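Chains as they are written, first to last, in the numbering used here: chain L, 82 to 405; chain H, -13 to 309; chain G, 33 to 350; chain E, 21 to 581; chain R, 14 to 341.
Idealized CB from N, CA, C, for every residue including glycine.
Predicted, not measured: the structure shown is a model, and the values here were computed from it.
Here's the structure we're looking at; comments come further down.
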Amino acid sequence: MKDIDVCTTYSKELKKVENPPITIASKSKAEKRKKSSLWGQVLQRFLKKKIALVGLGFLLFIFLFSLIGPFFSPYATEGVNPTQINLPPSSEHWLGTDKLGRDVLTRLMFAGRISLTVGVGAMVLSVTFGALLGILAGYYKGIIDQIVMRIADILMTLPSLPLLFIMAAVMSEWKVPTEQRLYIVMLMLSLVGWPGLARLVRSQVLSLRERQFIQATDALGLRDHRKLLNHLLPNIVPLLIVSGTLSIGGAILSESVLSYFGLGVVPPTASWGNMINAANSLIDFQKRPWLWIPPGIAIFLTVISINLLGDGLRDAIDPNMKRR
Amino acid sequence: MSKALPLLEVKNLKKYYGDSSNLFRRNPEVVKAVDGVSFTIEKGETFGLVGESGSGKSTIGKSILRLSSITDGEVLYKGQNIHKLSKKDMRNLRPKLQFIFQDPYSSLNPRIRIGDAIGEALIDHGLVDKSEIRERVLEVLDICGLAPYQIDRYPHEFSGGQRQRIGIARAIILNPDFIVADEPVSALDVSIQAQIINLFSDLQKERDITFLFISHDLSVVEHLCSKIGVLYLGTMMELGSRDQLYGNPLHPYTKALLSAVPVPDPTLKRERIIIKGDIPNPADPPKGCKFHTRCPIATDMCRIEVPEFREVEANHFVACHFA
Amino acid sequence: MRNYVLKRLLYLIPTLIGASMLIFFLYSLVPGNFVDSDPNLTTERKAELYALYGFDQPDIERYFIWIGNLLQGDLGYSLQFQRPVTEVLGNYIWSSFFVALASLILTWLIAVIIGVVSATKQYSFFDSFITIIVFAAMATPSFFLGLILIKFLAVDLGWFPAGGMITTGSNLTGWDYVKDVAEHMILPVLVLTMLGIGGLTRYFRTNMLEVIKQDFVRTARAKGLKERVVIYKHALRNALLPAITLFAFELPALFSGAIITEQIFNWPGIGAIYMQAFTVRDYPLLMGFTMFIALLTVISNLLADLLYGVADPRVRLK
Amino acid sequence: ACSDEDSGTGNESEQATNTETQTETETSIVVEDARHEATEPAASPALAINRGDTVVVGLQEPGGVFTPYFNTSGYDGNVQAVMFPPLVEINEAGEAVPGLAKSWDISEDGLTYTYNLQDDLLFDDGTPLTAADVAFTLTLLHDPSYGGGTDITEAKIVGGLDYKNGDADTISGINVINEKTIEVTTEVVNARSLRLIGGQVLKKDYYGKDYQKGQLDYLNALHQKPVGAGPFRFVEYLPGQEIRFEANEYYYDGKPEVAQFIYKTTEGDSLQFFQTGELDYSALSANQDNFEFLQTLGFADINVYTSSAYGYMTFNHEKEVFKDPKVRQAFVLGLDRQTIISTHYQGYAEVANIPVSPTSWAYTDEIGSTKYDPEKAKQLLEEAGWVEGADGIREKDGKKLTVYYFTSAGGLGDTLIPIAKENYKAIGIDLQVEQMDFNALLSRVGNGDHDLASFSTTMLTDPYNGIENFHSKSASSIIKGFGNEEIDALIEATIATNDLEERTNAFHNLYKALDENPPVILMDYKKVLSGTNARVDGFEPNGYRGIASSLKDLKIVDVNK
Amino acid sequence: MAKEPILQINQLLTQFYSDGGKVNAVNNVSLEIREGQTVCLVGESGCGKSATAMSVMGLIDPSSGQVSNGEVLFEGQDLLKMKKGDLRRLRGKDFAMIFQEPMSSLNPVLTIGEQITESIIEHELLSKKEAKQRGLELINLVGIGRGEEIFSSYPHQLSGGMLQRIMIAIAISCNPRLLIADEPTTALDVTIQAQILDLLRNLKEERNMSMLLITHDLGVVAEVADYVIVMYAGKIIEQGPVVELFKNPKHPYTKGLLAAKPVINQRREKLYTIPGQVPNLIDLQPSCYFSERCEHCMSICTTKQPPMKQIRDSHDVACWLYEEEVSV
Ligand SMILES: Nc1ncnc2c1ncn2[C@@H]1O[C@H](COP(=O)(O)OP(=O)(O)OP(=O)(O)O)[C@@H](O)[C@H]1O
Ligand SMILES: Nc1ncnc2c1ncn2[C@@H]1O[C@H](COP(=O)(O)OP(=O)(O)OP(=O)(O)O)[C@@H](O)[C@H]1O
Ligand SMILES: [Mg+2]
Ligand SMILES: [Mg+2]
């Protein structure tokens, strides 16, 4: 469905990273010494991308803000305080309080932990599934490929939001402690996310297979696990890195959409998504902007910076798109 | 030639490409990439395979090493049919049979240091103790004209010629008996090409390796090979020793090829045979003699009858009605 | 060509069977059913209703009944609406379709233009500016975007209706009706467009960047053609080609609606109905709809390939 | 963070101060039921004023089944209410008043009901509505293939089961005396039968034209072409958009002044539509914010009234923990309901003390309590054998006092969850929360997976509806395993007579018993907040019928006067 | 050969931007092509041959490089100073170009006919119909039959050799006076190469075109060139009439190139090799760029660039070996 198509649009873009970068250049000796590894080169190129660096900087800030911010806050996330309801920002509560008298700034920090965890977790899971299955399918072809790809096809025929609804309902059967509900959310998002990635990886592996250096492993008679782990995997890492970064943003957004339907992280655990959603009425919108602006900006900036970062990484990894 | 078993014997090799995944109907459009090719390679010999693009050279090379399956025929290495070996036996045989690729830029994994790339197969086959690997790698690096300090570098830090050397080092470190070199110098500049060609001839002499050398450059083949086969649309047109082929080419195709090679001498005014037209679509090869569409001396017979691959003089075979 | 299509159609069967099983069994795992949604029913009454609706049969059996009906084109009977699923879908799907179509066209138009301009002026101010804007649109949750637009454009400024499809109680016909509906469409279309535009713009930009580095573009320049011709005739055509597949992929989205946007704008579309059906576990409707989308997806995949074949002479099918 | 502190003393003092501040707010904050006239009617948006004598009300998407008794969606019920008045109506106090029946008699023994129809009663197609239509309706409800949600058999009409399960052709207990009179005999006294039997009427010639016993499928074709006898006549259904009605000139109480009535499909709170004037009437979640919102609009007549429903949190009585009434009492006392309710509803709800709304004749504030007493709760838990464990969570026989609380997303839960977690933690209960959608909630509660679960009753047209589930024979899946013979007897007593005073006493006795042995944690009596565009007069919503009974009185007024 | 130079390049400097800094791909190159002359530019990969051609055509992608200095005089007009529109009108009309990869140099989604007539319509202002007529003639001229059929086919349906002929047809469609061919036969088989070279030779003669042919194959040079220019690392190191240069190469690099190539029927035991490899263009110090690989390297070679010196009539070489005054 369109609303939640974030993940697929990323994969649209990702088609472009399929061809892994092979730098064909003979560098002078002086240069050779300072960039002895491929990743060193990537790093160097990356460091030249100002916008991407801004993105990275902001992400770091958000991470620090969420991870160590709460230690500096005098308030507790769940400290309900009915006498302090809906206060506007003040020197005491920099971002005001919500309808339960909780400090918005503190919640924003805790929510950041959750949202980032969901984002990163869902990314890690879907990248793991997607990469593993994609490699197996692309490398072994035949029956394994058929099975994996048909499952992916089938999953992809189902619209994602309904699929998430179903999964949320099904998974609510499992007795998961409130605090750990986010793991369920991660799992759900990754289940929706892996087929697209698996396809990308598979097609990449199929094209890598035709590359002479992979054919060379056949000629050398190397064992399969060596071919897969030492030869194939490192060559799809760039793809995984780029699609991984981009999917973090997608997952954070999807979580907020799930929260909108009450299928996300369970309150009182705060996520940026359910914080915005708690203020999702015309009244709060109008009268208490401090409830929705901070989480809104947090999501917005995080997703933007992740995108910028991902974009920068893509350009850095793919040297064809060189800038003067 | 002794009666002893040849190192490699290719018998009636056929390789058809086609859409075999079609469940419902066999695709009629099959490309007969290799269509019944036979030849033998004696130990220590360098066999040259020439032909235009798409004539099936690489396919033969890969089929011989079982890097691709075959449709029909036999590939006998020291008498054993390579395509009938079990997976395990084949793996054990791999180190003895090596392949050198055409494209120096894509034949090395960009993410693996060249020292590892060269030594990897030794480890994987358990041929050498881990501690000795580096030594062995340095040894072959030296043979191939690379400096020891380059062992920990990545492929992108090397030029094309150097990469081709790495590819060669990777093959010879396994002490192979037989190497298929698929156009190993085609992508290189003249000055570098000469270096690699010399390296090959040194290897031939010093290591007693048997080569199947694939190239479309007749001058290179002449330089390196003792026996040469000329391929056209998957069929062998002429096969003979170097002197026979260059001194007395019998097939009109061979003649045309030879005369088409530009010679770097502006004063030389040769009578050239320019054969007309393009190579036919391999999916739909001409009937009769496959070369008849471009042959300057073709007759009606050529259009109908497939010429026999005959031995016209000792070890000189040709497939032409008029040779 | 005909064989190819036939073959592809045959390949669809296992995918569809798989999808139908997945759909059926996933939904059957969902806790709750239509009868349960009324807490006031007595146990006996529930049992009666279970029997009436066939909920008491084993899943496998119900699956085969369902799939059997499906094969006859019978999507079942909506419990909530008490009428055939096809009829319910028919009631709502077109309004979803029009919104989606309008936003699709708009999205593509804008994305192509922006993509081309920012690719030809890579790293210019325009490019960076658009990049930021586009990312911004991508980074806003849809419900939030909807709320902002309603608040400012509909309620405060009163430029557009806040929701719905027609002016309540209006009896307009002909052009007036079209105009009325169009006016109501603006905001939802705007939201969908903003959401969709990001990915597509980036996609076109990357495509264009790739294409304009190709040899044939150089050839076109070497011929002395005007830059406009080089970009729009030679480059854009090639950049659009892979996108044709994407376009076909959007087909199911045209019918599957946009759950959130429809809900927010009160648009009488299939997305909103889906949500409602889910809350009361109207499984025939849910499954019928999901299956319909699965079928569309599969067909549009095929269509994408065929279209690509038609559009790209390189893969044009024999 | 303070919430993480385990030390009992620190918490107690804090809690104490908390309670203090709450009692302070508590008294000042509950809002009275009232009607607030618009301050500035002329501010009504042009969109609304220009609409003339068409009145638009928001309603969630109906299912499109407009035949009474056959709808599966409650919203369809709202649609039907416009066209199908019942024989016996209900007023704002929950008392039976005349509807299509101008009067009725109940026999001495309480078993026979005789309904006398209004004079000149016509369907909206102009044909007469007679006792035969009523008889047909009742017969239809007994049809074996009837799949709707009304269980007529509860009234135990004589011969009803023979018709339903046997092969009787008619129901012997239904007697059409004449065109205007019908007599129904039942087997047991049931205070609810009057309204159950005296419900909405289906036109026999229309809905019964093709009727054959056991065959009701033909009705499906009629669901979207209703013929009723209400103030408005059905005109058109635009799925997902609106349902249109027009004034019914055959209505027995006179044709309404408003020419057209429309239910517009909206989703959730539709503030924006009310604000822009697309809706003339809108019911909103009751809270101070929404109230102020309506006030600032200026053109809204505001109604605040109390709903007839109550909210509660049910125990899973099949779990061993809750077998002991002391534990349940501790759960009641240990939850600061007052804070939760006043925080969430900002005065637009009060804490429930008995399982019936204050609007009902059965209500009394003398029974039950709303107080928060964690000390008492702790004591009760101690008595029940739950002693504090190492981590502050109570244990008994090595089992921790961890309870799973199920609730649907949104609503009160957002406020309740954090406070309840804190409250319960303070008395040594570990509360785990799971949120799910409402249907999953019902299903999982039905399976007995829960320990606690939140629900609200529907509108309680009879106080009996609020307690029937506490009967040990009750089939309710929500409250299973509760009750004993004593309570059963008390429950049965509440309907065993038609006399209101006797019933009131019976209810009070029951409420007392339930207070000692709580089946649920009573939560709230909610207010309903509605805004009416000042251009429309006559909306008198109440807690039993919503706006249905006032539709006939709607008038358009000139806002500039 | 006293004919007017049709193209004269003076002190051309073309730079590309790269990670390590600016790359002087074409480094102060000066050359001229006279009317009716075929000039061959030879050199190893990366020595700046294509960059030179692209600079002339004004096709250096502005996002990756620029022409920083110099003059490119086409019939006396400096192309570099010309307005973009004016240059565009000359390009493809008065001078045209053929590229190395025929497969990728034609637009895959347009028909051959469309691509041939396009420039005719643009430059000659003919109608579609006339252009088609012209197109068919051209197809015929480059030696492919079945004009109509080819006209409506797509590039992927033709073989490499045919495509290269089409490229040639496009290039000569407006009767250019100068044809630049950048390795037109490198991607083709020998038999096809022979056909194409033959075609180019004939066309040149018939139409009295001048030609700048870029190649790295000395055999090709020997067959078609009138005049040869040898480039190394962005610089011209030797130039001269073809016979003179092959008979009497002066620069050690030129000599090496000629000796390193295996020649048919002239088998040697060992090929001559030039040691080392082409230097990286990024950080070149002032020196003879070939000095690292040169057998005759002297101390001056590593510190100073040799100037271009005329050895004989129009045979120039840039090598310290031939500078008398430095032999100190
Ligand atoms: N994987 C494949 N699938 C289908 N056809 C193939 C495949 N590989 C090669 N062919 C076809 O087989 C024929 C022979 O190919 P091969 O690569 O052996 O030629 P070659 O002589 O090595 O040519 P080149 O000089 O271009 O390398 C060609 O017509 C080619 O199109
Ligand atoms: N677009 C570009 N961006 C950066 N560097 C470039 C670009 N194009 C060419 N170069 C560099 O300029 C130098 C000259 O390139 P050029 O293409 O002119 O070589 P060439 O002589 O044509 O080689 P080849 O025989 O391989 O075609 C090379 O070092 C190359 O790396
Ligand atoms: Mg090959
Ligand atoms: Mg070049």
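For residue i, the nearest candidate out of the options (CA to CA)
{"i": "D194 (chain H)", "options": "H:F164, H:L219 and H:S177", "result": "H:F164"}
{"i": "P378 (chain E)", "options": "E:F313, E:N580, E:Y330 and E:T422", "result": "E:Y330"}
{"i": "V324 (chain E)", "options": "E:V423, E:P561 and E:V577", "result": "E:P561"}
{"i": "L219 (chain G)", "options": "G:M197, G:I229 and G:G201", "result": "G:M197"}
{"i": "I86 (chain H)", "options": "H:P170, H:S54 and H:L127", "result": "H:P170"}
{"i": "A99 (chain G)", "options": "G:E119, G:F56 and G:A309", "result": "The sequence as given places Ile at residue 99 (chain G); Ala does not occur at that position. Closest option to I99 (chain G), Cα to Cα, is G:F56."}
{"i": "M76 (chain H)", "options": "L:I398, L:R307, L:L314 and L:L301", "result": "L:L301"}
Spatial distance of residue i from residue j (CA atoms)
{"i": "K398 (chain E)", "j": "G486 (chain E)", "result": "29 angstroms"}
{"i": "T316 (chain E)", "j": "P61 (chain E)", "result": "12 angstroms"}
{"i": "R183 (chain L)", "j": "A359 (chain L)", "result": "13 angstroms"}
{"i": "L344 (chain L)", "j": "G228 (chain E)", "result": "45 angstroms"}
{"i": "L268 (chain L)", "j": "I333 (chain L)", "result": "13 angstroms"}
{"i": "T316 (chain R)", "j": "G277 (chain L)", "result": "58 angstroms"}
{"i": "A152 (chain E)", "j": "Y564 (chain E)", "result": "28 angstroms"}
{"i": "I287 (chain R)", "j": "I179 (chain R)", "result": "38 angstroms"}
{"i": "Q366 (chain E)", "j": "N443 (chain E)", "result": "20 angstroms"}
{"i": "K213 (chain H)", "j": "L103 (chain R)", "result": "54 angstroms"}
Per DSSP, the bridge partner or partners of residue i
{"i": "D58 (chain H)", "result": "H:K0"}
{"i": "Q232 (chain E)", "result": "E:Q235"}
{"i": "Y425 (chain E)", "result": "E:V453 and E:L472"}
{"i": "M116 (chain R)", "result": "None, per the DSSP bridge assignment."}
*Taking only runs of the beta strand (DSSP E) that begin and end inside the segment 88 to 159 of chain E, which ones reach a length of at least 3 residues, in chain order?*
108 to 110, 116 to 118, 121 to 126 and 132 to 137
*Could you please tell me which residues of the segment 253 to 279 of chain H, in chain order, have their CB closer than 8 angstroms to any CB of chain R?*
T253, L254, R258, I260, I261, K262, D264 and I265
_Complete beta strand (DSSP E) runs within the segment 216 to 303 of chain L (minimum length 3 residues, chain order)_ = none
*asked:* By the 8 angstroms beta-carbon criterion, what residues does the segment 169 to 198 of chain H contribute toward chain R?
replied: D175, V176, S177, I178, Q179, A180, Q181, I183, N184 and S187
*Where the segment 428 to 451 of chain E meets chain L: residues whose CB sits under 8 angstroms from a CB there*: S428, A429, G430, G433, D434, T435, I437, P438, I439, K441 and E442
*asked:* At a CB distance below 9 angstroms, what residues from the segment 221 to 235 of chain R approach chain H? Give them in sequence order.
replied: H229, D230, L231, G232, V233, V234 and A235
*With 8 angstroms as the C-beta to C-beta threshold (strictly closer), list the residues of the segment 164 to 177 of chain G near chain L in chain order.*
I164, F167, A168, M170, A171, T172, P173, S174, F175 and F176
*Identify every run of the alpha helix (DSSP H) within the segment 235 to 314 of chain R, keeping only runs that are complete inside it and at least 4 residues long; order them along the chain.*
255 to 260 and 265 to 273
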